[in-house]
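Engineer: Let me give you the structure first, and then I'll get to my questions.
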Amino acid sequence: MTTKTDSDIWPDPGISRVPYQVYAAPDIYAQERERVFMGPAWHFLCLDCEIPNRGDYKSTFVGDIPVIVVRARDGSVNGLENRCSHRGATLCLEKFGNLRSFSCVYHGWSYDLDGNLKGVPFERGVNGGGGMPEDFRKEDNGLRRLRIATHAGVVFGTFHDDTPPLADYLEPAFVEKVARVMPRAVKVLGYNTQVMHNNWKLYAENVRDPYHASILHLFFTTFKMNRLTQRGEILVNDEGGHHVSTNWRDPDASIDTYREQDLRAVDDEFALNDPTLLDYQDEFDDNGTLQILSVFPGFVMQQIYNCLAVRQIVPKGPDLTEVNWTYYGFEDDADDLTTLRLKQANLIGPAGYISMEDGAVGEFVQRTLPGAQSEETILMMGGHTAESQTSRATETSIRGFWKAWRRYMEI
Amino acid sequence: MPDTLLAANLTASQLLADYAACIDADGLEQWPDFFVDDGLYHVTTAFNHSRGLPAGIIHADGKAMMQDRVTSLRRANIYEPQRYRHVISTVRVIQAKENLIETEANFLVVRIMESGKQDLFVCGRYLDRITTADGAARYEKKLVVLDSEKVDTLLAIPL
Numbered sequence: 008m009t010t011k012t013d014s015d016i017w018p019d020p021g022i023s024r025v026p027y028q029v030y031a032a033p034d035i036y037a038q039e040r041e042r043v044f045m046g047p048a049w050h051f052l053c054l055d056c057e058i059p060n061r062g063d064y065k066s067t068f069v070g071d072i073p074v075i076v077v078r079a080r081d082g083s084v085n086g087l088e089n090r091c092s093h094r095g096a097t098l099c100l101e102k103f104g105n106l107r108s109f110s111c112v113y114h115g116w117s118y119d120l121d122g123n124l125k126g127v128p129f130e131r132g133v134n135g136g137g138g139m140p141e142d143f144r145k146e147d148n149g150l151r152r153l154r155i156a157t158h159a160g161v162v163f164g165t166f167h168d169d170t171p172p173l174a175d176y177l178e179p180a181f182v183e184k185v186a187r188v189m190p191r192a193v194k195v196l197g198y199n200t201q202v203m204h205n206n207w208k209l210y211a212e213n214v215r216d217p218y219h220a221s222i223l224h225l226f227f228t229t230f231k232m233n234r235l236t237q238r239g240e241i242l243v244n245d246e247g248g249h250h251v252s253t254n255w256r257d258p259d260a261s262i263d264t265y266r267e268q269d270l271r272a273v274d275d276e277f278a279l280n281d282p283t284l285l286d287y288q289d290e291f292d293d294n295g296t297l298q299i300l301s302v303f304p305g306f307v308m309q310q311i312y313n314c315l316a317v318r319q320i321v322p323k324g325p326d327l328t329e330v331n332w333t334y335y336g337f338e339d340d341a342d343d344l345t346t347l348r349l350k351q352a353n354l355i356g357p358a359g360y361i362s363m364e365d366g367a368v369g370e371f372v373q374r375t376l377p378g379a380q381s382e383e384t385i386l387m388m389g390g391h392t393a394e395s396q397t398s399r400a401t402e403t404s405i406r407g408f409w410k411a412w413r414r415y416m417e418i
Numbered sequence: 128m129p130d131t132l133l134a135a136n137l138t139a140s141q142l143l144a145d146y147a148a149c150i151d152a153d154g155l156e157q158w159p160d161f162f163v164d165d166g167l168y169h170v171t172t173a174f175n176h177s178r179g180l181p182a183g184i185i186h187a188d189g190k191a192m193m194q195d196r197v198t199s200l201r202r203a204n205i206y207e208p209q210r211y212r213h214v215i216s217t218v219r220v221i222q223a224k225e226n227l228i229e230t231e232a233n234f235l236v237v238r239i240m241e242s243g244k245q246d247l248f249v250c251g252r253y254l255d256r257i258t259t260a261d262g263a264a265r266y267e268k269k270l271v272v273l274d275s276e277k278v279d280t281l282l283a284i285p286l
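Here it is as structure tokens:
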């Protein structure tokens, strides 16, 4: 393979046209591993409540790199690459568990919860023969560690030494918005994983795309849940990679503006047989009905009414992506609120009324990539730059993603 | 096999066969009629089920929610044309009492896309509670437990 120069891939300095090559090229995927996922960025690992006790661990990923997140003896959280230092075998094979130490199934090398190498079977050989040489030092051969930072019960990790402190990385507005949907002790309500046959960035863009919400997801419009005319705002952070799209309920909103646009699904005849699906408890005391928040590169937090979830985007190759959904509520939720969360969980996930399409639309793009390798997307809704906007007829937060991506990738 | 168990097995097997045939023939509008009015249809993963986690993939608490899902699939949701072919195991009766049958059955569902692509979409278990109180057999509860936590692309048509 010839290595493309950066200017070949994306000659224009702007962020309102994206070359389709970036979704397909294997060398871009490899560079993303090095510069984004192992680069100076923070990555979602787990919720703090998922590993409450000493030795509790969860197997997860940073990019496509397997990682373990474990509760250490002192109560802190450790992030370790899930790879034996010896010959590279996967250490933890289960998704969740509790261990006093990690032991590799291949040759039995063992590590404490901080990733220090503690045991090497036959280190001194057998009957005076074999064994490790004198110059092998266990203390230099522990597991690769990630730096860990936790905010509002959300655990992030980074491989890179130069990643700024998490609060600086998020920027103040996002520190606050993350905390808004994690105000109390969290409990997980369930998990699932949606497999998508597209490059991970197509999903990262979809999350940051308020323009499509009322057009692709007709459930919104059919049931008059969400309108571009409803009061909302899109915040994009200064560096560009994070966004938060917020709606506040406005009972007086007119649908006239919307109807004039002659969209497919506005239908006065339409009513739910069970309207309790769209009940709403103002649990954060601010009338906010929707908050979709992304943290560069692959983390999403969402509140849709009283349905709360985090999503982790896991690349599995240039054209395969998994999205891990974790639905949550709070330890002190009343039963009626839990019931509401479970009903509204129908809105999201692989069978979600307003998200099932997102599992397919990336693939619709992916299929056309063979013919598009010298072409570019059009990403100009709302202008050419990536500042915060009040209109949701905008692609500003997608441009923000590319602004950050280009900086990380040096492209 | 005792007569009551045999009768329960026949009732449950026929209901499940009818249920799967209805879905595979795109009879979505008839799908909620397999349930009593306050019946529960819940699709989750073995992982969630074994840990007692209440959220899954689909949660329809009552026939009205099932009808809403059908309406949404027909009128609001956008997905490529696709069909299912259910392959269902023999039914295992767990309990048969007056007017109540509890069963378990395994399933494979092949998804056939418009392009002709056909893949094993999901496998798992139906954990069913059937009432025969009003003469006809209907589901009071149908718990669909998927063996894998991964769903390919999307799950539109009910399982």
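Protein chains in written order, with our numbering: chain A, 8 to 418; chain B, 128 to 286.
Built from N, CA and C at the ideal position, the CB exists for glycine as well.
Since we're looking at a predicted model, the values are computed, not measured.
#1: Classify B:Lys354 as helix, strand or coil using the three-state DSSP reduction.
#2: Quick one: what's got a C-beta closer than 6 angstroms to A:Ala96's C-beta in the same chain, skipping five residues either side?
#3: Is there at least one Cβ from chain A nearer than 8 angstroms to B:Lys269's Cβ?
#4: Whole alpha helix (DSSP H) runs in the segment 95-123 of chain A with 4 or more residues, listed along the chain?
#5: Using a Cβ-Cβ cut-off of 8 angstroms (strictly less than) and excluding sequence neighbours within five positions of A:Arg90, which residues of its own chain qualify?
#6: Any beta carbon from chain A within less than 8 angstroms of B:Tyr168's own beta carbon?
#7: To the nearest angstrom, how far is the alpha carbon of A:Trp116 from that of A:Val127?
#8: Assuming the contact rule is C-beta atoms closer than 8 angstroms, B:Arg252 and B:Ala232 should be a hit. Round their C-beta distance to whole Å, please.
#9: With A:Val162 as the anchor, note down where its beta strand (DSSP E) starts and where it stops.
#10: Kindly indicate if chain A contains any beta-carbon less than 8 angstroms away from that of B:Gly183.
#11: Are the segment 169-178 of chain A and the segment 38-56 of chain A touching by the rule of at least three beta carbon pairs closer than 8 angstroms?
#12: Under the assumption that B:Val218 contacts B:Ser140 (Cβ atoms under 8 angstroms), give the Cβ distance between them as a whole number of angstroms.
#13: Compare the Cα-Cα distances from A:Asn254 to each of A:Pro18, A:Glu39 and A:Gln396 and report the closest residue.
#14: Please determine if the segment 53-68 of chain A and the segment 399-415 of chain A are in contact, where contact requires at least 3 C-beta pairs separated by less than 8 angstroms.
#15: If you draw a straight line from the C-alpha of A:Ile16 to the C-alpha of A:Arg374, how long is it?
#16: Can you find a C-beta in chain A that's less than 8 angstroms from the C-beta of B:Leu281?
#17: Distance cutoff 8 angstroms, beta carbons only. Does A:Phe104 sit that close to anything in chain B?
#18: Here's a check: name, in chain order, each residue in its chain whose Cβ is nearer than 7 angstroms to the Cβ of A:Gln288, leaving out the five neighbours to either side.
#19: What is the DSSP secondary structure of B:Ser216, counted as helix, strand or coil?
#20: Is A:Gly359 helix, strand or coil by DSSP?
#21: Would you say A:Phe68 reaches chain B, if we count a Cβ-Cβ gap shorter than 8 angstroms as a contact?
#22: With 16 as the cutoff for other CB atoms within 10 Å, does A:Leu419 come out buried or exposed?
#23: Quick check: what's the CA-CA separation for A:Ile75 versus A:Trp207?
#24: Nearest CA to the CA of A:Ser83: which residue from A:Lys194, A:Phe337, A:Val372 and A:Gly160?
#25: Which residues in chain B have a C-beta closer than 8 angstroms to the C-beta of A:Glu364? List them in chain order.
#26: Which term fits A:Ser362, buried or exposed, when burial requires 16 or more other beta carbons within 10 angstroms of its beta carbon?
#27: Would A:Tyr421 and A:Leu376 qualify as a contact pair, given that the criterion is a beta-carbon distance under 8 angstroms?
#28: Are the segment 194-206 of chain A and the segment 158-176 of chain B touching by the rule of at least three beta carbon pairs closer than 8 angstroms?
#29: Name the one or two DSSP bridge partners that A:Ala316 has.
#30: Buried or exposed: B:Pro159, going by 16 or more other Cβ atoms within 10 Å of its Cβ?
#31: Work out the CA separation of A:Met387 and A:Gly378 for me, nearest whole Å.
#32: For A:Leu354, which residues of its own chain have a beta-carbon under 6 angstroms away from its beta-carbon, when the five flanking residues on both sides are left out?
#33: Taking a cut of 8 angstroms between CB atoms, which residues from the segment 147-180 of chain B lie near chain A?
#34: Among A:Gly70, A:Ala352 and A:Asp63, which has the Cα closest to the Cα of A:Ala37?
#35: Step through the CB atoms of chain B and report whether any lies within less than 8 angstroms of the CB of A:Tyr210.
#36: Measure the alpha-carbon distance for B:Glu156 versus B:Phe162 and round it to whole angstroms.
Structural biologist: From the atom records:
#1: There is no way to answer for residue 354 of chain B, as the model of chain B reaches only from 128 to 286.
#2: Cys111 and Tyr113
#3: no
#4: none
#5: Pro73, Ala96, Thr97, Leu98, Leu150 and Arg151
#6: no
#7: 5 angstroms
#8: 7 angstroms
#9: Val161 to Thr165
#10: yes
#11: yes
#12: 5 angstroms
#13: A:Gln396
#14: no
#15: 20 angstroms
#16: yes
#17: As written in the sequence, residue 104 of chain A is Gly, which differs from the Phe given in the question. Not one chain B Cβ lies under 8 angstroms of A:Gly104.
#18: Asn313, Leu344 and Leu347
#19: coil
#20: coil
#21: no
#22: Residue numbering for chain A in the displayed model covers 8 to 418; residue 419 of chain A lies beyond these limits and cannot be assessed.
#23: 22 angstroms
#24: A:Gly160
#25: Asn204, Ile205, Tyr206 and Leu281
#26: buried
#27: In the structure as shown, chain A begins at 8 and stops at 418. Residue 421 of chain A is therefore absent and cannot be evaluated.
#28: yes
#29: A:Gln309 and A:Tyr334
#30: buried
#31: 22 angstroms
#32: Ile311, Cys314, Tyr360 and Ile361
#33: Val170, Thr171, Thr172, Phe174, Asn175 and Leu180
#34: A:Gly70
#35: no
#36: 12 angstroms
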